[in-house]
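Taken in sequence, the protein lines are chains D and B. According to numbering that gives the first Met the number 0, the residues represented by the first sequence are 0 to 376, in order. According to numbering that gives the first Met the number 0, the residues represented by the second sequence are 0 to 67, in order. Working notes, structure below.
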Amino acid sequence: MKVEAIEVEGRKVYSVRAFNEGVASYLQRLPTLWVEGEVTELRRQQRWATVYLTLKDPDSGACLAAQMPRGQFDALRLDLVDGERVHAYGRPELYTQRGDFHLRVLTIERFGLGAHLAAIERLKQKLAAEGLFAAARKRPLPRIPSLVGLVTGNDAAAKRDVLSAITTRFPPAHVLVAETYVQGPRAAPAIATAIRDLCAHGADVIVLARGGGSFEDLLPFSDERVVRAVAGCSVPVVSAVGHEQDTPLCDLAADVRASTPSVAGRLVVPDLAELRASLDRAHILLGRGARRIVEQHGRRLAGTRERLSRAPLLVLERRSSRLETAHARLRALSPRATLERGYAIVRSGDRLVREPPAAGEQLDVEVARGRFGARAD
Amino acid sequence: MSAQTFEQAQAELEQIVERLERGDVGLEELTKLWERGEELYRRLAAQLADAQGRIEELARRLDAEGAD
């Protein structure tokens, strides 16, 4: 198409219409291709000739308006609803009157199993690279939760299983149940919101429970929004989704994975009877421990007292034996000991005789066992 | 002195006993140390009896509650 410009004061100027038509004709040269996205804002009405929808990139949130003739759309019998993943085949187009850009869709295919598996695998790699599944992130469950949050479908067997396991094991448990969609395109955002709501209500552990289902049924539990909500939850999350062999991504992000909803219920609360018994044991040990410490101190004090009462006598005995020794040594030094050895003390009057006395002098002789008089020759 | 803990009093008493048993104590000091030791003993024994009494009382009360 030839786009005519007009000349204004030496400048080339295009009318809006001419510009739009120029861009539109340029876009027509682009190839027809497949676009992958999530269906949102699907608007289909009987009196409209065109079906309008928006394709959204679930990762980045980028949006693309799309439209398809209603007859062609209906002929596909897809019964598409918002939130479903599709591949749309079409080409870019500009509505020249309004300058609106959209994808002119020729056909739409619902995501197949292979596409889903590939998408989940890509998401798994991405989140693993971010460290969302790292073992170091796993938190221990509270021993006795004050409030258990349960995210589950309304009236689901999973809900009944979790609740009955909890109340059997720990009757005084408080459980707050958030009933949400657990399958279909509305489930993922609803589950993510429910997790956050339960946290806000003070749950200190959250159970995510859903019974078995088809691969498609379990898809929301591998949705990035749910996985991020689980990983980012401020309290530990127990995931019990599907059967043992299913591994939705939320299982990898959860702090604990339970094989069934009943197992999840048993994991989040302690056994009350066991708890009582261990409390009783602790109580008995406490009493015993306290008594034993007092007894130990008592024995030690009694021993010390015993030694204390003996100690002064011991000191006195030692003192008196030292006295006896001194006395003995004193005695040894007295003249009496010398007399015992056969010596005699000779006195004249009260004078000790140290040199030979005059003949006839009256002397007084003291020996060990008495005294007697004598006269000098 | 009243701020002395049970352990401190116990350590002082045991030091006194060890000194007396070593015997290098003057007679005047002997009497003083012995009196101090006896005083410490009385205080420690009273504290122990008190602790024991409280434990027994608590145990009785808990038993009574448990029996209800």
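Every residue, glycine too, gets a C-beta built ideally from N, C-alpha and C.
Listed by chain order, chain D residues near residue i by CB distance under 7 Å
i                     : result
residue 45 of chain B : None at all; the shortest Cβ gap to chain D is about 11 Å.
Residue i - partner residues in DSSP beta bridges
i                      : result
residue 321 of chain D : DSSP, once it has assigned bridges, lists no residue as partnering residue 321 of chain D.
residue 65 of chain D  : D:52 and D:102
residue 11 of chain D  : D:6
residue 47 of chain B  : Residue 47 of chain B pairs with nothing; no bridge assigned.
residue 385 of chain D : Limits of chain D in this structure are 0 at one end and 376 at the other, which puts residue 385 of chain D out of reach.
residue 32 of chain D  : D:89
residue 238 of chain D : D:207 and D:256
residue 122 of chain D : Note: residue 122 of chain D sits in no beta bridge, so no partner.
residue 177 of chain D : D:150
residue 292 of chain D : The partner list for residue 292 of chain D (beta bridge, DSSP) is empty, contrary to what the question assumes.
residue 167 of chain D : Paired residue(s): none; residue 167 of chain D is not in a bridge.
residue 30 of chain B  : None; residue 30 of chain B has no bridge partner.
residue 267 of chain D : DSSP, once it has assigned bridges, lists no residue as partnering residue 267 of chain D.
residue 71 of chain D  : Its beta-bridge partners do not exist; DSSP assigns none.
residue 429 of chain D : Since the first and last residues shown for chain D are 0 and 376, residue 429 of chain D lies out of range.
residue 94 of chain D  : D:99
residue 351 of chain D : D:346
Anticipated Cβ contact below 8 Å, residue i with residue j, distance rounded
i                      : j                      : result
residue 85 of chain D  : residue 69 of chain D  : Contact flag wrong, Cβ pair sits at about 17 Å.
residue 286 of chain D : residue 58 of chain B  : 5 Å
residue 313 of chain D : residue 17 of chain B  : Their Cβ separation, rounded to whole angstroms, is 12 Å, which puts residue 313 of chain D and residue 17 of chain B out of contact at 8 Å.
residue 2 of chain D   : residue 17 of chain D  : 5 Å
residue 114 of chain D : residue 102 of chain D : Between residue 102 of chain D and residue 114 of chain D the Cβ distance is about 18 Å, and since that is not below 8 Å, they are no contact.
residue 187 of chain D : residue 225 of chain D : 5 Å
residue 92 of chain D  : residue 26 of chain D  : 6 Å
residue 300 of chain D : residue 47 of chain B  : 7 Å
residue 307 of chain D : residue 37 of chain B  : 7 Å
residue 109 of chain D : residue 63 of chain D  : The Cβ separation is near 18 Å, so there is no contact.
residue 98 of chain D  : residue 65 of chain D  : Not quite, the Cβ-Cβ distance comes to about 17 Å (not below 8 Å), so this is no contact.
residue 8 of chain B   : residue 39 of chain B  : 5 Å
residue 345 of chain D : residue 366 of chain D : Their Cβ separation, rounded to whole angstroms, is 10 Å, which puts residue 345 of chain D and residue 366 of chain D out of contact at 8 Å.
Partner residues on chain B for residue i, Cβ-Cβ distance less than 8 Å
i                      : result
residue 115 of chain D : Correct list: empty, because the minimum Cβ distance to chain B is about 60 Å.
residue 303 of chain D : 9, 12, 13, 16 and 40
residue 293 of chain D : 47, 50, 51 and 54
residue 271 of chain D : None at all; the shortest Cβ gap to chain B is about 17 Å.
Under 7 Å from the C-beta of residue i: neighbouring residues of chain B
i                      : result
residue 296 of chain D : 47
residue 289 of chain D : 54
residue 274 of chain D : In chain order: nothing, as chain B lies at least about 16 Å away.
Partner residues on chain D for residue i, Cβ-Cβ distance less than 8 Å
i                     : result
residue 20 of chain B : 306, 310 and 313
Chain D contact residues for residue i, given Cβ-Cβ distances below 9 Å
i                     : result
residue 2 of chain B  : Simply none; closest approach about 19 Å.
residue 37 of chain B : 304, 307 and 308
Interface residues of chain B facing residue i [CB-CB closer than 9 Å]
i                      : result
residue 286 of chain D : 54, 57, 58 and 61
residue 300 of chain D : 9, 12, 40, 43, 44 and 47
Pair every Cβ in the stretch 134-149 of chain D with every Cβ in the stretch 227-240 of chain D, then say whether three or more of these pairs are closer than 8 Å.
-> yes
Inter-stretch contact at 8 Å, needing at least 3 Cβ pairs: the stretch 271-279 of chain D / the stretch 356-368 of chain D | no
Decide yes or no for the touch test of the stretch 145-154 of chain D against the stretch 195-212 of chain D: beta carbon pairs closer than 8 Å, at least 3 of them.
-> yes
Proximal residues, the stretch 206-217 of chain D versus chain B, C-beta separation under 7 Å | none
Do the stretch 23-39 of chain D and the stretch 119-126 of chain D make contact, defined as three or more Cβ pairs closer than 8 Å?
-> no
At a Cβ cut of 9 Å, what residues of the stretch 314-329 of chain D count as close to chain B, listed as they run along the chain?
-> 314, 315, 317 and 318
Is there contact here, the stretch 164-183 of chain D with the stretch 256-269 of chain D, by at least three beta-carbon pairs under 8 Å?
-> yes
Given 8 Å, three or more beta-carbon pairs between the stretch 214-230 of chain D and the stretch 176-193 of chain D | yes
Given 8 Å, three or more beta-carbon pairs between the stretch 24-34 of chain B and the stretch 246-262 of chain D = no
Can you list, in chain order, the residues of the stretch 343-372 of chain D whose Cβ is nearer than 7 Å to any Cβ on chain B?
-> none
Quick one: any contact between the stretch 48-67 of chain D and the stretch 27-36 of chain D, if contact means 3 or more CB pairs under 8 Å?
-> yes
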